[in-house]
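Residue numbers (the numbering used here): 1033 to 1340.
Note that beta-carbon positions come from the ideal geometry of N, C-alpha and C, so glycine has one too.
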Ligand code: HEC
Ligand code: HEC
Ligand code: HEC
Ligand code: HEC
């Protein structure tokens, strides 16, 4: 009896062992083809050309001995593992100011000084799939339903607003502009933000946190991302949501990006204290609907529902 059990266990162990060896084997083979490896080799080669062996032999030797490795920033506070730096190796390196991508030093070093890479990583501002070490996987290509896919240039400020509620303090011109447009176009007549505004349309207070999977992409051109949904919806609400009572005047791409940045920045997400910017003394969040003539608007909204 005991022996039979032991024999079974031994066989099981052998099978598991073989499976393990096979797995490691395939991992080693696949590892040789990692996209980031050639980038790191290239980076090392470029770096060795830029530094002087004579002036700083110790540093030169260290660089010469550099082995390719997955580089990553782990941020426990929001469970992110950002491996962008496996390819973007020169992101903090002044010697790489004029290098080509993915080696270029960050165009905004001041920003990285205020948000150190080891504390913030990259995806909190840029979006994308931090864990991925491939170009397509890191969401340089659009990935459907990922919470925040790689953010396009025009929408970058939407990410700043998730933490910085005082847009003026950080000079976020697009968020300021977007908030102005929101006011001018009386969006608050139908939408609430922080309990201010009408209730014809969805509450937008946590629009940034809304699951991209909850949108309908059937009538959408381009990628299935929330960012794209918002842009297309602002270009033509009825095309994206056929039963929508929302009708907007034609806007320039710039205006649309500002408005989209603004709504995509509206978040109720709580960050730990060290990630929460201090607000200026006496800062009051601008009230969104103070200029909205409410009566006129609510009847306006009802009229629109039937007429367009
Ligand atoms: C496999 C390597 C690789 C990884 C991983 C990677 N990138 Fe890149 N990245 C590149 C390359 C290559 C370019 C240049 C693309 C071009 O010029 O067409 C680039 C360009 C960029 C740009 C410039 C604008 C653009 O889209 O062309 C940004 C911003 C960027 N990456 C951010 C990120 C972030 C954020 C991550 C992590 C989520 C990341 N990258 C992960 C290779 C990578
Ligand atoms: C605090 C927010 C923030 C963080 C953190 C951050 N970035 Fe950026 N990044 C920006 C902004 C804003 C820009 C400027 C976009 C523009 O050109 O208007 C930018 C620009 C870039 C560009 C150049 C884009 C282009 O089109 O030329 C690259 C590449 C890039 N970032 C990569 C990274 C990587 C890799 C990390 C992580 C190591 C990172 N960034 C961390 C905000 C951030
Ligand atoms: C995860 C939250 C977070 C994100 C996202 C973020 N920041 Fe910050 N930022 C901070 C914190 C925290 C500070 C520290 C300053 C403080 O305590 O007030 C800071 C500091 C700054 C400062 C220095 C200002 C000062 O008062 O010291 C600037 C400028 C700034 N951020 C701009 C930006 C911009 C632009 C973006 C978007 C590209 C951005 N931030 C994204 C959290 C964030
Ligand atoms: C007449 C009322 C009305 C006005 C005015 C209006 N909306 Fe809407 N909005 C709606 C309704 C109803 C929906 C839901 C149907 C849809 O997706 O279009 C909606 C949907 C949205 C959504 C998607 C919200 C979600 O959670 O799915 C956003 C973002 C939005 N509106 C922003 C705006 C902005 C910005 C303005 C001003 C430029 C505006 N709306 C003006 C009624 C309105």
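Cα-Cα separation between residue i and residue j, rounded to whole angstroms
i: residue 1083; j: residue 1109; result: 37 Å
i: residue 1146; j: residue 1124; result: 13 Å
i: residue 1112; j: residue 1317; result: 29 Å
i: residue 1137; j: residue 1202; result: 22 Å
i: residue 1349; j: residue 1076; result: Limits of the chain in this structure are 1033 at one end and 1340 at the other, which puts residue 1349 out of reach.
i: residue 1035; j: residue 1043; result: 12 Å
i: residue 1263; j: residue 1099; result: 43 Å
i: residue 1283; j: residue 1309; result: 32 Å
i: residue 1038; j: residue 1046; result: 12 Å
i: residue 1268; j: residue 1200; result: 30 Å
i: residue 1303; j: residue 1311; result: 14 Å
i: residue 1135; j: residue 1128; result: 7 Å
i: residue 1280; j: residue 1287; result: 12 Å
i: residue 1265; j: residue 1273; result: 8 Å
i: residue 1085; j: residue 1078; result: 14 Å
Spatial neighbours of residue i in its chain, beta-carbon cut-off 7 Å, leaving aside the 5 residues before and after
i: residue 1237; result: 1224, 1225, 1226, 1298 and 1300
i: residue 1233; result: 1222, 1223 and 1278
i: residue 1315; result: 1198
Where residue i falls: helix, strand or coil (DSSP)
i: residue 1083; result: coil
i: residue 1113; result: strand
i: residue 1072; result: helix
i: residue 1306; result: helix
i: residue 1175; result: coil
i: residue 1228; result: strand
i: residue 1107; result: strand
i: residue 1270; result: helix
i: residue 1233; result: coil
i: residue 1184; result: coil
i: residue 1192; result: helix
i: residue 980; result: Residue 980 falls outside the range modelled here, since the chain spans only 1033 to 1340, and no answer is possible.
i: residue 1078; result: helix
i: residue 1164; result: coil
i: residue 1137; result: coil
Contact belief for residue i with residue j at Cβ below 8 Å, rounded distance in angstroms
i: residue 1118; j: residue 1165; result: 5 Å
i: residue 1162; j: residue 1153; result: 6 Å
i: residue 1220; j: residue 1230; result: 7 Å
Near ligand 6: residue i beta-carbon under 7 Å from a heavy atom
i: residue 1194; result: Judged by which ligands are present, ligand 6 is missing from the structure shown, whose ligands are ligand 1, ligand 2, ligand 3 and ligand 4.
Contacting residues, own chain, Cβ-Cβ under 6 Å from residue i (five flanking each side not counted)
i: residue 1106; result: 1113
i: residue 1157; result: 1191
Close Cβ partners of residue i (< 8 Å) along its chain, the five nearest in sequence each way excluded
i: residue 1080; result: 1092, 1095 and 1096
Proximity test, Cβ basis, 8 Å: residue i and chain D
i: residue 1072; result: No chain D appears in the structure shown, which is made up of a single protein chain.
Contact between the segment 1166-1178 and the segment 1245-1264 (3+ Cβ pairs under 8 Å): yes
Contact between the segment 1287-1294 and the segment 1188-1203 (3+ Cβ pairs under 8 Å): yes
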